[in-house]
Amino acid sequence: MEICERLMGSGAAEEYIINANLALNFMLVREPEDMVDEEQYFGAEMTHQVYGEGEQIFGYRNLFIKLFITAGRLNMYCEVEHSGMYESSKPGELKPDEVIPPLANLVPPNTILGSKSTFVAMIRKEASFRPFGEQISRHTIQEGGEERVFEMYLSDESTPGFTDYFERVQMFAMFYVDAASYIDNTDEKWRYFLVFEKYKSSDGASLYALAGFSTVYEFYGYPEHIRPRISQMLVLPPFQMMGVGSALLQAIYNKYIDDPKVLTIAVEDPSEVFGKMRLVLNCRNCLELTAFGVQNIKSGLTKQHYDEARTKLKLNKDCVRNVYNVLRFRATDRNDPEDCKAFRLFIKNQLYAPFRRQDKEKAKMEKHHLSQEEISELLSFVPKEKRSEIIHQEYLDLKAKFSAIVEKLPK
0 MEICERLMGS
10 GAAEEYIINA
20 NLALNFMLVR
30 EPEDMVDEEQ
40 YFGAEMTHQV
50 YGEGEQIFGY
60 RNLFIKLFIT
70 AGRLNMYCEV
80 EHSGMYESSK
90 PGELKPDEVI
100 PPLANLVPPN
110 TILGSKSTFV
120 AMIRKEASFR
130 PFGEQISRHT
140 IQEGGEERVF
150 EMYLSDESTP
160 GFTDYFERVQ
170 MFAMFYVDAA
180 SYIDNTDEKW
190 RYFLVFEKYK
200 SSDGASLYAL
210 AGFSTVYEFY
220 GYPEHIRPRI
230 SQMLVLPPFQ
240 MMGVGSALLQ
250 AIYNKYIDDP
260 KVLTIAVEDP
270 SEVFGKMRLV
280 LNCRNCLELT
290 AFGVQNIKSG
300 LTKQHYDEAR
310 TKLKLNKDCV
320 RNVYNVLRFR
330 ATDRNDPEDC
340 KAFRLFIKNQ
350 LYAPFRRQDK
360 EKAKMEKHHL
370 SQEEISELLS
380 FVPKEKRSEI
390 IHQEYLDLKA
400 KFSAIVEKLP
410 K
């Protein structure tokens, strides 16, 4: 039951209704001193799977939830602060919502520790933590004159101790991945790609902090092939905008592209942000292929493009077409009217494809003597006089998208 329904007739003040997304704050703790550094908090993007569809918590003024998490092992400790709780004046009236139990339900028992002293003791044990699985890649960036190092690891259900650890990891998906659900980590077809930052502690020891993860399911492909599908990918907020996501995706690609059993690599319901990152990476990789060279890019989208991208990069047809469109735009001379016109007509011809299908469907219906009223009920038909305007706007939108992608590619 949503909070607004529960409040009806109760006399409870709305000042006790809190936005759970704003109230909940995470911190990945590396040193005990971090716990007092408010700049290290990062918030949740969604909480509907934890605190209900309305993403609200009732019963507190100025609620502030602090979920401290050790950076490597992911042990947790929760503190709840507020400036007052709702107190009912009559028996049986509303009571404040529970705050910690819904969080505890997301992780294995005893993951959220009962005392701060116990949690601090666990922080000191982080020095012995090492990532699970096999290291498959490494990514470095320069920040403030210093190098930051990220390492990617691959695990599966047979990796000792990993399934218990991943039950803690996948908690983050509930707060950042839309429609996330826990996966069956006993299924041998799942592959887990985790990225950790390797950093130095205050005493110089090398430690590891979880930075993100991705899950891949290896579907069967006839007759003796597999079709890996990326199910989830998340880079935790403190590590975003560092190229970690692209490096993780490239690590996944590298795992599969040389495997002759792999047909194509797919993605399940990609978000807009992921889609853009994937397109940039696919374009960068395709620039290394002969078919996408400057001498071939303007000859039209051909079987050579599809075959080489599928064989060497395991890209499906939709990915190849998207990459080709971007690289065709990149190769177009903006100062050459004829070149620009050729590109515009090429893209608009693609955009017109749905209307051509509409015309065919309408022709079939007319052949079966359906009336125009019946056709309108069965088919969302766009009149021909409106199509040019629609296609032109779609073209401008795509052109802007392509321009943003090209800015991230080599000059």
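Note that numbering that gives the first Met the number 0 gives residue 24 to position 25 of the sequence shown, counting from 1, and the numbers run on in steps of one. We put the beta carbon where it would ideally sit given N, CA and C, even for glycine. Computed from a predicted structure; not experimentally measured.
- Task: Starting from S245, trace the alpha helix (DSSP H) both ways and give me its first and last residue.
- Result: Element bounds for S245: 243-255.
- Give the secondary structure of N334 by DSSP, where H, G and I count as helix, E and B as strand, and everything else as coil. Here N334 carries a coil assignment [DSSP, helix/strand/coil].
- From this set, L248, A208, F165, which residue's C-alpha is nearest M276's C-alpha? Looking at the Cα atoms, L248 is the closest of the given residues.
- Which same chain residues, not among the five before or five after P107, have their C-beta less than 6 Å away from its C-beta? The beta carbon of P107 is closer than 6 Å to those of E166 in its chain, skipping five residues each way along the sequence.
- Message: What ranges does the beta strand (DSSP E) occupy inside the stretch 105-170, keeping only unbroken runs of at least 3 residues that lie completely in it?
- Response: Counting only runs of at least 3 residues, the stretch 105-170 fully encloses the following beta strand (DSSP E) elements, listed from N- to C-terminal order: 133-142, 145-154.
- Task: Label S157 either buried or exposed according to how many other C-beta atoms from any shown protein chain fall within 10 Å of its C-beta, with 16 as the threshold for buried.
- Result: Classification for S157: exposed.
- Query: With G203 and L233 assumed to form a contact (beta carbons below 8 Å), what rounded beta-carbon distance in angstroms separates them?
  - Reply: With a Cβ gap of about 30 Å, G203 and L233 do not count as contacting.
- Item | Sequence-distant residues of the same chain with beta carbon closer than 7 Å to C282, five excluded per side | Hits under 7 Å: V322, V325, L326, I404, L408.
- Message: Let me make sure I understand the geometry here. Which of E13, K311, M45, E287 has the alpha-carbon closest to that of A19?
- Response: Of the listed residues, the one whose Cα sits closest to A19 is M45.
- Item | DSSP bridge partner residues for R60 (one or two, in chain order) | The partner list for R60 (beta bridge, DSSP) reads G83.
- Which runs of the beta strand (DSSP E), 3 residues or longer, sit entirely within the stretch 17-81? List check, beta strand (DSSP E) in window: 23-28, 55-57, 63-69, 75-80.
- Is DSSP giving K260 helix, strand or coil here? Looking at K260 - three-state DSSP - the assignment turns out to be coil, as it is neither helix nor strand.
- Message: On the DSSP bridge list, what partners appear for S205?
- Response: DSSP, once it has assigned bridges, lists K199 as partnering S205.
- According to DSSP, is Q239 helix, strand or coil? Q239 falls in the coil class under three-state DSSP.
- Uninterrupted alpha helix (DSSP H) stretches inside the stretch 277-336 (no shorter than 4 residues): Qualifying alpha helix (DSSP H) stretches, in chain order: 293-296, 302-312, 316-330.
- Message: Taking the beta carbon of P130 as the centre, do at least 16 other beta carbons fall within 10 Å, making it buried, or is it exposed?
- Response: It counts as buried.
- Query: Which whole-angstrom value describes the C-beta separation of I251 and S213, a residue pair presumed to lie in contact below a C-beta threshold of 8 Å?
  - Reply: Under the criterion of beta carbons closer than 8 Å, I251 and S213 qualify as touching, at roughly 6 Å.
- Contact check, F195 vs E150, beta carbons under 9 Å: Cβ distance < 9 Å, so F195 and E150 count as in contact.
- Excluding five sequence neighbours on each side, which residues of the same chain lie with their C-beta closer than 8 Å to the C-beta of L378? Excluding the 5 residues flanking it on each side, L378 has same chain C-beta neighbours closer than 8 Å at Q357, E360, K361, M364, in chain order.
- With DSSP collapsed to three states, give me the class of H367. It is coil, neither helix nor strand.
- Give the DSSP-derived three-state secondary structure of P101 in the structure shown. Helix.
- Item | Cβ-based neighbour list, C318, same chain, cut-off 7 Å, excluding 5 preceding and 5 following | Closer than 7 Å at the Cβ level, and outside the excluded window around C318, lie N281.
- In the structure shown, what three-state DSSP assignment does S270 receive? If DSSP states are grouped into helix, strand and coil, S270 belongs with coil.
- Message: Quick check: the stretch 112-126 against the stretch 66-79, are at least 3 beta-carbon pairs closer than 8 Å?
- Response: Cβ pair count under 8 Å is three or more, so yes.
- Label S370 either buried or exposed according to how many other C-beta atoms from any shown protein chain fall within 10 Å of its C-beta, with 16 as the threshold for buried. Burial call: exposed.
- Of all the options A22, Y15, L27, E14, which has the alpha carbon lying nearest to the alpha carbon of P236? It is L27 whose Cα lies nearest to the Cα of P236.
- Task: Output the distance between the C-alpha atoms of P222 and T289, rounded to the nearest integer angstrom.
- Result: About 30 Å.
- Query: What is the rounded straight-line gap between the Cα of V279 and the Cα of K398?
  - Reply: Cα to Cα, V279 sits roughly 15 Å from K398.
- Query: Can you tell which of N184, N61, D338, L344 has the C-alpha that lies nearest to the C-alpha of P159?
  - Reply: Checked all of N184, N61, D338, L344; the closest Cα to P159 is N184.
- Query: How is the alpha helix (DSSP H) around L233 delimited, first residue to last?
  - Reply: Premise fails: L233 lies in the beta strand (DSSP E), 224-234, not in any alpha helix (DSSP H).
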